[in-house]
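Novice: After the C-alpha cells below, expect a handful of questions from me.
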Amino acid sequence: MTLQRCIVDAGPLVAVLSQRDRYHAWAEGAFADVTAPAVTCEAVLAEAWHLLRGTAAGQVALLELIASGVVAVGFSLMSELAAVRRLVARYRDRPMSLADACLVRMTELHEGAPVLTLDQDFSVYRKHGRQVIPLISPFA
-14 MTLQRCIVDA GPLVAVLSQR DRYHAWAEGA FADVTAPAVT CEAVLAEAWH
36 LLRGTAAGQV ALLELIASGV VAVGFSLMSE LAAVRRLVAR YRDRPMSLAD
86 ACLVRMTELH EGAPVLTLDQ DFSVYRKHGR QVIPLISPFA
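The structure is reproduced here in C-alpha cells:
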C-alpha cells in the first residue's frame, strides 16, 4: 500500500531508527510505503528525541530524517492553540499528551492522511468530534 502523505507519531520514528526496537521491522516497512514526506509536529520530535536519548546516533539520525525530507514539520501550535486546547479538554479523562493533541488536530487539517503510530490511544481519539482517525499501526 503506497501512501502519498501520512502523519507520523514518535513511536514509529523511534522504531525505524532503533534496530533494537521490537517494532523496527514494522516501522521500516511502513516508512517504505510513504512516498511524500511524513508530516509531524515539534512536540512529536521532542518526544522522539527524548526516547532516543540513549543513543546519540539515533538522535543524529532523527535530524537526518528531517534534513533529507523524509519527515517534515507541518504544524504551528501557535496557529492551532485554540483547537489543541479544545482537544485536551475533551480528552481530559485519558489524559492526552500535547503531541497527541497536535497530531489529532493535524488529522483535521490534512484530510484523509492516516496517522502512523504505535499508540493505541489513537483508536479512541476522534477528529472533528466523531470521525474515526485512519491509522497505520501494528494494532489497527
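Those letters in the sequence shown? Residues -14 to 125, by my numbering. In this text, a Cβ means the ideal position worked out from N, Cα and C, and glycines have one as well. All values reported here derive from a predicted model rather than from experimental measurement.
#1: With DSSP as the reference, label T92 as helix, strand or coil.
#2: Assuming contact is defined by CB atoms lying nearer than 8 Å, are L62 and L47 in contact in what I supplied?
#3: Measuring alpha carbon to alpha carbon, tell me which of Q4, S3, F16 ends up nearest P99.
#4: Any idea which residues DSSP pairs T25 with across the strands?
#5: Could you give the C-beta distance for V29 and D(-6), rounded to a whole number, given that I count them as a contact under 8 Å?
#6: Out of R79, R7, I121, L94, state which residue places its alpha-carbon closest to the alpha-carbon of Y110.
#7: Kindly give me the distance between the Cβ atoms of L(-2) and A33, rounded to whole angstroms, as I take these residues to be in contact under 8 Å.
#8: Leaving out the 5 sequence neighbours to the left and right, which residues in its chain are closer than 6 Å to A41 when beta-carbon positions are compared?
#9: Throw me the rounded Cβ distance for the Q(-11) and A21 pair, which I believe falls under 8 Å.
#10: With a CB to CB cut of under 6 Å and the five nearest residues on each side skipped, what residues in its chain are close to Q105?
#11: Does DSSP put L103 in a helix, a strand or coil?
#12: Since Q116 sits in a beta bridge, which residues does DSSP pair it with?
#13: Between E96, V58, M81, which lies nearest to H113 when the distance is taken from Cα to Cα?
Specialist: If we stick to the structure as given:
#1: The count along the sequence shown starts at 1 and reaches residue 92 at position 107. Looking at T92 - three-state DSSP - the assignment turns out to be helix.
#2: Mapped onto the sequence shown, residue 62 falls at position 77. Mapped onto the sequence shown, residue 47 falls at position 62. One thing to note: L62 has its Cβ no nearer than 8 Å to the Cβ of L47.
#3: In the sequence shown, counting from the first residue as 1, residue 99 sits at position 114. Taking only the C-alpha atoms, the option nearest P99 is F16.
#4: Locating residue 25 in the sequence shown gives position 40, counting from the first residue. Beta-bridge pairing links T25 to V58.
#5: Numbered from its first residue, the sequence shown carries residue 29 at position 44. Numbered from its first residue, the sequence shown carries residue -6 at position 9. The C-beta distance from V29 to D(-6) rounds to 6 Å, short enough to meet the 8 Å contact threshold.
#6: Numbered from its first residue, the sequence shown carries residue 110 at position 125. It is R79 whose Cα lies nearest to the Cα of Y110.
#7: As a working note, residue -2 is residue 13 in the sequence shown. As a working note, residue 33 is residue 48 in the sequence shown. Right, their Cβ atoms sit about 4 Å apart.
#8: The residue given as residue 41 occupies position 56 in the sequence shown. Excluding residues within five positions, none has a Cβ falling inside 6 Å.
#9: The sequence position of residue -11 within the sequence shown is 4, counting from 1. The sequence position of residue 21 within the sequence shown is 36, counting from 1. Indeed, because the Cβ distance is near 5 Å, the residues count as touching under 8 Å.
#10: Residue mapping note: residue 105 aligns to position 120 of the sequence shown, counting from 1. Closer than 6 Å at Cβ, skipping near neighbours: F124.
#11: For the purposes of this step, residue 103 is taken as residue 118 along the sequence shown, with counting starting at 1. DSSP, read as helix, strand or coil, puts L103 in coil.
#12: As a first step, residue 116 is located in the sequence shown; it is residue number 131 there, counting from the start. Answer by DSSP bridge pairing, in chain order: K112.
#13: In the sequence shown, residue 113 corresponds to position 128, counting from 1. Residue E96 is the option with its Cα nearest to H113.
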